[in-house]
Amino acid sequence: DVKVTQSSRYLVKRTGEKVFLECVQDMDHENMFWYRQDPGLGLRLIYFSYDVKMKEKGDIPEGYSVSREKKERFSLILESASTNQTSMYLCASSFGRQGFYNEQFFGPGTRLTVL
Amino acid sequence: ELKVEQNPLFLSMQEGKNYTIYCNYSTTSDRLYWYRQDPGKSLESLFVLLSNGAVKQEGRLMASLDTKARLSTLHITAAVHDLSATYFCARTTSGTYKYIFGTGTRLKVLA
Chain B
264 DVKVTQSSRY LVKRTGEKVF LECVQDMDHE NMFWYRQDPG LGLRLIYFSY DVKMKEKGDI
324 PEGYSVSREK KERFSLILES ASTNQTSMYL CASSFGRQGF YNEQFFGPGT RLTVL
Chain P
8 ELKVEQNPLF LSMQEGKNYT IYCNYSTTSD RLYWYRQDPG KSLESLFVLL SNGAVKQEGR
68 LMASLDTKAR LSTLHITAAV HDLSATYFCA RTTSGTYKYI FGTGTRLKVL A
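Protein sequences appear in the order of chains B and P. With this note's numbering as the guide, the letters of the first sequence map in order to residues 264 to 378. With this note's numbering as the guide, the letters of the second sequence map in order to residues 8 to 118.
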């Protein structure tokens, strides 16, 4: 079974702190994604990566950065956390090669609260 | 603009009844996905629909895709309480790795 794990289920941080959210997948997937999920707004893509050290901005990248130094690991960084970044953060991964029905596999999510 | 619209947004139904959730998308799509999310949990893949006319079934859920109408449906047959969850559709288009999600349909099945 594909497994996507996230470093924390719940996290409480203070405004201005630098926050690291980590995601690891064990199926050798090329693509990895970070979303945030807020009530009434659905899933919004923050960043995604299609290869090691490669990244592309999603719909709401402001205030976030990412790092992908190894294929299995994709980190989301909040440079200076703010209260409007309080949210559920979901990591996902998928195969990237053409011809595969590249459904996404999601991690359990990290509920981040910024005080 | 790439958009995915689901309706209804909320659905409360009695056990044993049938109902359909609709997913409309704005431009040509290669693939259409359905996911389930239980409260406080992450998303779980249900179906992947690859081509026009595709139909997939798992238990009481059946998904179909009509690419000409840009419409996918998730049909629930004889609903049971365990199906209570939020259901999302999502689409991709070749040449991009981006997935566009609908806003979700929150389903509540009443005993």
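Even glycine gets a Cβ: it sits at the ideal position worked out from N, Cα and C.
Which partner residues does residue i have in the DSSP bridge list?
{"i": "G305(B)", "result": "D301(B)"}
{"i": "D289(B)", "result": "According to DSSP, D289(B) bridges with nothing at all."}
{"i": "K276(B)", "result": "V377(B)"}
{"i": "A118(P)", "result": "Note: A118(P) sits in no beta bridge, so no partner."}
{"i": "K75(P)", "result": "None, per the DSSP bridge assignment."}
From residue i to residue j, what distance separates their C-alpha atoms?
{"i": "S19(P)", "j": "L53(P)", "result": "21 Å"}
{"i": "R331(B)", "j": "V267(B)", "result": "15 Å"}
{"i": "K281(B)", "j": "A344(B)", "result": "6 Å"}
{"i": "Y94(P)", "j": "L9(P)", "result": "19 Å"}
{"i": "Y26(P)", "j": "L117(P)", "result": "13 Å"}
{"i": "L306(B)", "j": "G23(P)", "result": "30 Å"}
Look up residue i in the DSSP assignment and say whether it is helix, strand or coil.
{"i": "H141(P)", "result": "Nothing in the structure corresponds to residue 141(P), since chain P is present only between 8 and 118."}
{"i": "G362(B)", "result": "Any reading at G362(B) must be qualified, since the residue scores a pLDDT of 49, below 50, and its modelled position is unreliable; no value is offered."}
{"i": "N347(B)", "result": "helix"}
{"i": "A97(P)", "result": "strand"}
{"i": "L339(B)", "result": "strand"}
{"i": "T110(P)", "result": "coil"}
{"i": "S271(B)", "result": "coil"}
{"i": "Q21(P)", "result": "strand"}
{"i": "V315(B)", "result": "coil"}
Output needed for residue i: all residues of its chain with C-beta closer than 6 Å, excluding positions within five of it in sequence on either side, in chain order.
{"i": "F296(B)", "result": "F311 and A355"}
{"i": "N14(P)", "result": "Y29"}
Within its chain, find whatever has a CB closer than 7 Å to the CB of residue i; leave out the 5 residues flanking it on each side and keep chain order.
{"i": "N31(P)", "result": "E12, R77 and L78"}
{"i": "E335(B)", "result": "V287, Q288 and D289"}
With a threshold of 8 Å on Cβ separation, who are the neighbours of residue i within its own chain once the five nearest residues in sequence on each side are excluded?
{"i": "N59(P)", "result": "L72, D73, T74 and K75"}
{"i": "E342(B)", "result": "K281, G326, Y327 and S328"}
Q | Start-end ranges of the beta strand (DSSP E) lying completely within the segment 28-73 of chain P, minimum 3 residues | A | Counting only runs of 3 or more, we get 38-44, 50-56, 62-65 and 68-73.
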